[in-house]
Structures are given as structure tokens and as C-alpha cells.
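Residue numbering for the sequence shown follows our numbering, starting at 77 and increasing by one per position.
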Amino acid sequence: MADEPISDRSRGVALIIGGVLGVFGGHRFYAGKHATGILMLCTFGGLGMWWLYDMILITAGAFRDGDEKRIVRWWETSPYPQMAGLTPRQLETILDELEMLRSETGELGERVDFLERVLARTKEAGGLPPPAS
Numbered sequence: 077m078a079d080e081p082i083s084d085r086s087r088g089v090a091l092i093i094g095g096v097l098g099v100f101g102g103h104r105f106y107a108g109k110h111a112t113g114i115l116m117l118c119t120f121g122g123l124g125m126w127w128l129y130d131m132i133l134i135t136a137g138a139f140r141d142g143d144e145k146r147i148v149r150w151w152e153t154s155p156y157p158q159m160a161g162l163t164p165r166q167l168e169t170i171l172d173e174l175e176m177l178r179s180e181t182g183e184l185g186e187r188v189d190f191l192e193r194v195l196a197r198t199k200e201a202g203g204l205p206p207p208a209s
């Protein structure tokens, strides 16, 4: 199950479309299952039973798209696909490191500002004294 392909479609979108237009097969059209979408449209979601079954599958993450890929992600494909499989602990570690980096960058900015002020005062005072021999 870990190696099987995952659809780029969103489970959340499929669930919303299924809730609103499910008896008309809207979620199946979204998933790329057009033939069964038309069949659902003609039977009003199998008189509600087929629709209910699909809603359970979508909620459980077992619903598949037209390419037989499971629709498991709640959101659309992330612009950062390398982060899609992170555990909450890994994400927390990344956020902690990002905050540390932000803090260090702020400190570096303060040091650069201090150095600029020192250099400006030195320039106003007539420049640096000659080096001692």
C-alpha cells in the first residue's frame, strides 16, 4: 500500500463535490470516472446507496480516480511535493530550525547595523588612525 501511486486530486474537493452533487455523480466526474459518473447521473446515485458508499470511500481515503490511483490527500497537490510525506514531528523540527535561522539572521542584521554605525562615526571623526608600529 505504501508503494501504490497516489492521485493528484484532492480528497477534500471530492468530498465537497460529492456532498453537493454526489447523487448526480459530480465527484466521479471530478475523479475522472466519466462513464460511472454518467451512470450515477441516470440512477440518481443508485437511489442514494451508491452515493453513500462513495462518500464512505472518499472519507476513508479508499476512493480511486480514473487512473486507479487512490485519492488520499486532503488538499490539492502541494507546491512542495518533497514535504508531502512528512510526519508531524519532522514538520515541527523543520519549523524549529526555520525559527532558529530567522533569529540568527536577525542577530546578523543587528551586527551589520552596529558595524555600519561604527564605521560612519569613524569616518566623521577623520578616518581611522594610522596603524601602530
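Ideal Cβ positions, reconstructed from N, Cα and C, are used throughout, including at glycine.
The model shown is predicted, which means the values in this text are computed figures rather than measured ones.
Which term fits residue i, buried or exposed, when burial requires 16 or more other beta carbons within 10 angstroms of its beta carbon?
i    : result
W151 : exposed
M116 : buried
D141 : buried
G203 : exposed
K199 : exposed
G185 : exposed
Just to confirm, is the Cβ distance from residue i to residue j under 8 Å?
i    : j    : result
A111 : A90  : no
R73  : R149 : With the chain covering 77 to 209 only, the question about residue 73 has no answer from this structure.
M131 : G101 : no
G124 : V99  : yes
Locate the alpha helix (DSSP H) running through residue i, then write down its first and last residues.
i    : result
P164 : P164 to E200
Just tell me which of the options has its CA closest to the CA of residue i.
i    : options                   : result
A138 : L195, I82 and K199        : I82
D84  : I147, T119, T135 and Y129 : I147
L128 : D189, G142 and R104       : R104
E80  : D143, E180, L191 and A208 : D143
I92  : A201, L167, T135 and D172 : T135
Looking at the C-beta of residue i, does it have a partner C-beta in chain C at a distance below 8 Å?
i    : result
I147 : Looking for chain C here will not work: only one protein chain is present.
Ordered list of alpha helix (DSSP H) runs contained in the segment 85-140, each at least 4 residues: 87-97, 102-107, 110-123 and 125-136
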